[in-house]
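Numbering (our numbering), first residue to last: 1 to 867.
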């Protein structure tokens, strides 16, 4: 019956296409069906894999579906690099998210156009963008939580809706690009075992926490594609779950687009879930459940699956019709209907986009503490800048990033804003024990005495002839993904030799390391490197090792000659010269920098080297990209305590993708900022906030807990004692929290009614006033407390607006609360508006944590809501 229906639908598409007139062009769906009907079965099978090959006889170009755009178009050369997603979430600014999404798709379209309409498009060069990541950041230990919009389903959903609208544009018939919310639906670590774990979550938690953001992305954001996750749900791998993909996604939510698997998720069903005995059967189960596109090669076995009767060919036709309809809507074949044909490469990282990156970084910064008005700093302040994150590129770019053309580290931003003569810098510590960090400028010196190395750049791999460019490089910390180090070099192999002196700051054992950013799925030879100290070769890599390290014992601190040779012969993406220096030597350098300063600014936290996707790391506090301890790593804690011992004001700037238990800093530092991984303009943004050029207004999108002991088992997906909604302990800093350089006050809210019939909309408004002397942004938050119900959250965010108020200005802020925002979920997973007495809070944070006003109302009757 199903096969006959699919054939009727396909015939209908073909008939529509055949009857179309020039004045009434066939729809994308009809064009797609007509094209699919001309394909052979082997051609069809090839087209449902993410690297779809060309079909010359049908004038179909090759198209790689995989492109990334989490916080800027990624992995395809220069692009505007915005703050990591968790930082964007800290802005609580839906307008900003839409502008960022627009920029991402504009730059994607520029690169697509540069490759040429109708031409082959390689991986990361297309218009199907696998972002945003809207999984709920349920546990701060998850290394990929940085990619999300935080722990709250409503905040996540609304930010996703606007980011998706930005990506796709306002013309559904001609999207600028296609957004792909991921990973449907219950997927947030641990990284270890992610390819085969099964989530047995309760019906309540599934409906109340894990699905709402995806529902909003589809029903409000109208996302044209969805990515299904690696894990299983209630025993069935998600990408083979008809309950989730066919019933919930397509039937209940009305999804019309295509579904793509997470990469190799179909293969995982065979290898790790043991769901089916081979990929032919796993592929058949997946495509029948509604996974249209396989990121990977498992769907190659669909040919066998058809021949053995595991799946019928019309099922593949249905998937292909969705995929090619998307390609037609995107205008891949050109024609007269592409409003984006004039978008050129001059729009990639344009001045306007860089300004937006700066605005995003500014809005993302959260002021957590400001004792006795420590901030803003005086313009003539002498500053000691310390910490492992003060001058590193990777903590600007985070993961899933593009290549920043002119990144501004915090050290560079502070030198620019306060003057280099007022800045003393010392690295002071690594990120964590056993984790090398970039060798700082203070340990490098050219022959002329400048704090840098001399770089010679050659257009060959054997360092022959004269270099095409000779320059000084302050540090060796470069992202060269899909770009050349200089315009003097053309694409292709090249080599770089750096020479100068290495200045050990003290005696002891040093680990010198060269980190080459590997092309993760390249089979070609990796880029080789060689490192020489005093003419002796200490590292020689032919491209086999991901990390190169050598331990040297240093008995005195006289300068050593250093030479680093790097040969770019493959597709690797950059190089970093790193070290682990003796702790006391690092601390002594920091102490010297602090000695003559008026204040200390410490850039501490985490890095993408220790938190991220399936990393190869196992050191104290970190394992496989996740954390085992949410506290600040010991080397950085020792640095803060040494700096505080000076008695100078201590300003802590946390750079991370997740919450860190800064208990000591909360008690002893004078001020604390959360700056996340702030993007290409991050250093400039931090400097502007410290100087008072910008009044911080960000709010936490996650709870900062006091200890790992506050957390339930990481592997449990039950929401009990997780996030602000269900955590009954006392957090270090609560979700929604953030301070300002000014003060905001609220007047009693007004409700459209205090007796609301179930299913009706409630209007609430409140006046917020900037009582201070500085202009600033307030994030007005609305929380609902439901009647006593063991399954209901303690508080639930149901509305928010970021507003800018001049000093002494007042504004009335209005929320229109629809039935879904006023609803509850019962133990069986049924959502309804229920009768009872409710409490509403409107303020600058959660009830009890921030200034605000309350109102009470009653809901009469009840009404069930659709899934």
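All residues carry an ideal CB built from backbone N, CA and C; glycine is no exception.
May I have a chain-ordered list of the alpha helix (DSSP H) segments no shorter than 4 residues that lie completely inside the region 227-271?
Counting whole runs of 4 or more residues, the region 227-271 contains the alpha helix (DSSP H) stretches 265-271.
Assuming residue 128 and residue 261 are in contact, meaning their beta carbons sit under 8 Å apart, how far apart are those beta carbons, in whole angstroms?
Going by Cβ atoms, the distance from residue 128 to residue 261 rounds to 13 Å, so no, they are not a contact pair.
N-terminal and C-terminal residue of the beta strand (DSSP E) that residue 469 is part of:
469-473
When you compare only the Cα positions, how much space is there between residue 676 and residue 51?
34 Å
In three-state DSSP terms, what is residue 859?
strand
Range of the contiguous alpha helix (DSSP H) that encloses residue 723
723-726
Contact defined as beta carbons within less than 8 Å: I believe residue 873 pairs with residue 153. What is the distance between those atoms, to the nearest angstrom?
No answer is possible for residue 873: the residues shown for the chain start at 1 and end at 867.
State the start and end residues of the unbroken alpha helix (DSSP H) segment that holds residue 878.
Residue 878 is absent from the model: the chain starts at 1 and stops at 867.
Residue 561, enclosing beta strand (DSSP E) - first and last residue
Run containing residue 561: 560-568, per the beta strand (DSSP E) assignment.
Under a three-way DSSP split, which group does residue 611 fall into?
coil
I'd like the span of the beta strand (DSSP E) that includes residue 814, first residue to last.
810-817
Per the DSSP calculation, residue 777 is bridged to which residue(s)?
Answer is 804.
Measuring alpha carbon to alpha carbon, tell me which of 89, 82, 87 ends up nearest residue 107.
82
Could you check what DSSP says for residue 39 in three-state terms: helix, strand or coil?
coil
According to DSSP, simplified to helix, strand and coil, what is residue 17?
Only weak support exists for where residue 17 lies, its pLDDT of 42 falling under 50; the coordinates are left without a value.
Endpoints, the beta strand (DSSP E) within which residue 479 is located:
477-479
By DSSP, does residue 716 sit in helix, in strand, or in coil?
coil
Return the chain-ordered ranges of every beta strand (DSSP E) run that is complete within the region 419-503 and spans a minimum of 3 residues.
Counting whole runs of 3 or more residues, the region 419-503 contains the beta strand (DSSP E) stretches 423-426, 453-458, 469-473, 477-479, 494-502.
So what's residue 849 in DSSP terms, helix, strand or just coil?
coil
Strictly by DSSP, which residues pair up with residue 631?
661
Which of the three DSSP states, helix, strand or coil, is assigned to residue 865?
In the three-state scheme derived from DSSP, where H, G and I count as helix and E and B as strand, residue 865 is classed as coil.
Measure the C-alpha to C-alpha separation of residue 265 and residue 230 and round it to an integer number of angstroms.
Cα atoms of residue 265 and residue 230: separation of roughly 5 Å, rounded to the nearest angstrom.
So for residue 117, helix, strand or coil by DSSP?
coil
For the candidate residues 530, 594, 650, 722, whose alpha-carbon lies nearest to that of residue 384?
Selection 530, 594, 650, 722 evaluated against residue 384 yields 594 as nearest (Cα-Cα).
Between the region 824-834 and the region 764-773, are three or more C-beta pairs nearer than 8 Å?
No contact exists between the region 824-834 and the region 764-773.
Contact between the region 397-409 and the region 439-452 (3+ Cβ pairs under 8 Å)
no
If I'm right that residue 610 touches residue 617 with Cβ under 8 Å, what's the distance once you round it to whole angstroms?
Sure, about 6 Å apart at Cβ, within 8 Å.
Using only alpha-carbon positions, find the residue among 372, 64, 282, 44 that is nearest to residue 310.
282
What's the C-alpha gap between residue 770 and residue 853?
If you draw a straight line from the Cα of residue 770 to the Cα of residue 853, it is about 15 Å long.
Flag this pair as touching only if the region 655-674 and the region 55-69 have three or more C-beta atom pairs under 8 Å; answer yes or no.
no
Under the three-state reduction of DSSP, which class applies to residue 656: helix, strand or coil?
coil
Is the beta carbon of residue 689 sitting closer than 9 Å to the one on residue 749?
In this structure, residue 749 does not lie closer than 9 Å to residue 689 by Cβ.
Compare the Cα-Cα distances from residue 163 to each of 179, 174, 175 and report the closest residue.
179
Looking at the secondary structure, which residues open and close the alpha helix (DSSP H) in which residue 328 lies?
313-329
Kindly provide the ranges of any alpha helix (DSSP H) runs that are 4 or more residues long and lie completely inside the region 176-236, ordered along the chain.
212-219
According to the neighbour-count rule (16 or more other Cβ atoms, all chains shown, within 10 Å of its Cβ), is residue 577 buried or exposed?
buried
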